[in-house]
Amino acid sequence: MPFVQIKKQYLAFAMLLFVALFLFNSRPAFQCQYTTEMPVSYLPTIYGITPTYARLAQKADLTRLSQTLMLVKNFHWIVIEDSETKTPLVANLLKESTLKYTHLNAKTHKSKQSTEMDVNICVFKLDSYFTRWYCASGVEQRNEALNWLRNHLSSATDKRGVVYFMDDDNTYSLKVFDEMRKIKNKVGVWPVGIVGGMRVEMPLVTDGKVSGYNAVWKPFRPFPIDMAGFAINATLFLDHPEAKFSRKVQSGFQESEILKYFATKDDLEPLAENCTKVYVWHTRTQKPSILDPKKLKHPPLPDGHIEV
Ligand code: UDP
Ligand code: MN
Numbered sequence: 215m216p217f218v219q220i221k222k223q224y225l226a227f228a229m230l231l232f233v234a235l236f237l238f239n240s241r242p243a244f245q246c247q248y249t250t251e252m253p254v255s256y257l258p259t260i261y262g263i264t265p266t267y268a269r270l271a272q273k274a275d276l277t278r279l280s281q282t283l284m285l286v287k288n289f290h291w292i293v294i295e296d297s298e299t300k301t302p303l304v305a306n307l308l309k310e311s312t313l314k315y316t317h318l319n320a321k322t323h324k325s326k327q328s329t330e331m332d333v334n335i336c337v338f339k340l341d342s343y344f345t346r347w348y349c350a351s352g353v354e355q356r357n358e359a360l361n362w363l364r365n366h367l368s369s370a371t372d373k374r375g376v377v378y379f380m381d382d383d384n385t386y387s388l389k390v391f392d393e394m395r396k397i398k399n400k401v402g403v404w405p406v407g408i409v410g411g412m413r414v415e416m417p418l419v420t421d422g423k424v425s426g427y428n429a430v431w432k433p434f435r436p437f438p439i440d441m442a443g444f445a446i447n448a449t450l451f452l453d454h455p456e457a458k459f460s461r462k463v464q465s466g467f468q469e470s471e472i473l474k475y476f477a478t479k480d481d482l483e484p485l486a487e488n489c490t491k492v493y494v495w496h497t498r499t500q501k502p503s504i505l506d507p508k509k510l511k512h513p514p515l516p517d518g519h520i521e522v
């Protein structure tokens, strides 16, 4: 039948065309599904700011943290060493990670005599949870990171992002990063596990707004929340060039010190299911107790023979 013959010719031509297109198309076939024209949902960059200092468990803490962060998309890690110079241990750890990072250093201005406590730097915590000299840590380091961030953002085309202050020995669920990307205006807040002498320290939420806090340690703080319990819209650091941490405030007030530049309680955006979930824990690595190598009669290897 002529109709069938025409159809066969068309079919043969179509098949030839298909084979030719297949052979000469340089793009792999699977790419057709994901062309660059596809709308991609915008993912704000998270700038994680981590002060760190040399001690025996430093590499262990930084390894655990860096390997969590490798699972976070669009993350930029700003690591600031509390030291005169950058150390090879931290430099190599960052190089060997797959992370986007910035490596800085800033030494803490400590009192010259370690036994003498400077009241501007250290305070004695006389409460039911801590009875020891407490020196605010990470002040100079976080401020150094904020200087870098302002320079970076002022020349960047995309000035959006989220700033999160991350201690190097805390424990972070990947979910906390998803939460902070939901910040709409200024500051997002959520509960922090195992902190301030409590199982959990958290903002109290009424009708979707922060109405108070459950903190029992210094509840009179303007923002009685831990550093791990909030993140800030990065653009605000350009709007407020004066915003920084200070040594002049009493212990436990660093969080309030930085937040005062950006928000009042009414501005806080409760995240983590209206502050009902714990996605970050203020864990603390125990100081390792090791034998003094100088006291060993026959040390098998010289101390420091291997990076730990
Ligand atoms: N830190 C620092 N220099 C110090 C002590 C601490 O840079 O002399 C860093 C530390 O690595 C951590 C942050 O500051 O990322 C908070 O310190 P720490 O975890 O000791 O505080 P805490 O657990 O007591 O709140
Ligand atoms: Mn800590």
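Going by this note's numbering, 445 is the number at position 231 of the sequence shown; the sequence numbering is gapless.
Glycine residues also receive a C-beta, built at the ideal position from the N, C-alpha and C atoms.
DSSP on residue i, reduced to helix/strand/coil?
i: P302; result: helix
i: E295; result: strand
i: E521; result: coil
i: Y493; result: coil
i: L485; result: coil
i: K373; result: coil
i: Y256; result: coil
i: Y267; result: coil
Return the CA-CA distance between residue i and residue j, expressed in angstroms with no decimal places.
i: G402; j: L450; result: 13 Å
i: V489; j: K511; result: In the sequence as displayed, the identity of residue 489 is Cys instead of Val. Roughly 56 Å separates the two Cα atoms.
i: N357; j: P514; result: 44 Å
i: D579; j: Q281; result: An answer regarding residue 579 cannot be provided, because it is not within the stretch 215 to 522 covered by the chain.
i: L279; j: A359; result: 18 Å
i: A445; j: M416; result: 14 Å
i: M441; j: L473; result: 10 Å
i: D392; j: I408; result: 21 Å
i: E330; j: K273; result: With a pLDDT of 43 at E330, under the threshold of 50, the modelled position of that residue is not reliable, and the figure given next carries that caveat. Answer to the nearest angstrom: the Cα atoms are 30 Å apart.
i: W291; j: L276; result: 12 Å
For the alpha helix (DSSP H) containing residue i, name the first residue and the last one.
i: N357; result: 353 to 369
i: K273; result: 272 to 283
Assuming residue i and residue j make a contact with CB atoms under 8 Å, what is their CB distance in whole Å?
i: S351; j: N319; result: Not a contact, Cβ separation roughly 15 Å.
i: S387; j: V494; result: 7 Å
i: R461; j: V353; result: 5 Å
i: P438; j: A448; result: P438 to A448, Cβ: 24 Å. No contact.
i: P258; j: R374; result: 5 Å
i: P507; j: V419; result: Not a contact, Cβ separation roughly 53 Å.
Would you mind reading off the limits of the beta strand (DSSP E) that contains residue i?
i: I472; result: Premise fails: I472 lies in the alpha helix (DSSP H), 468 to 473, not in any beta strand (DSSP E).
i: H317; result: 314 to 319
Inside the segment 439 to 464 only - alpha helix (DSSP H) runs reaching at least 4 residues = Complete alpha helix (DSSP H) runs here, min 4: 450 to 453.
Every unbroken beta strand (DSSP E) inside the segment 375 to 444 [3 residues or more]
The qualifying runs are 376 to 379, 401 to 403, 406 to 409, 412 to 415, 417 to 420, 423 to 427.
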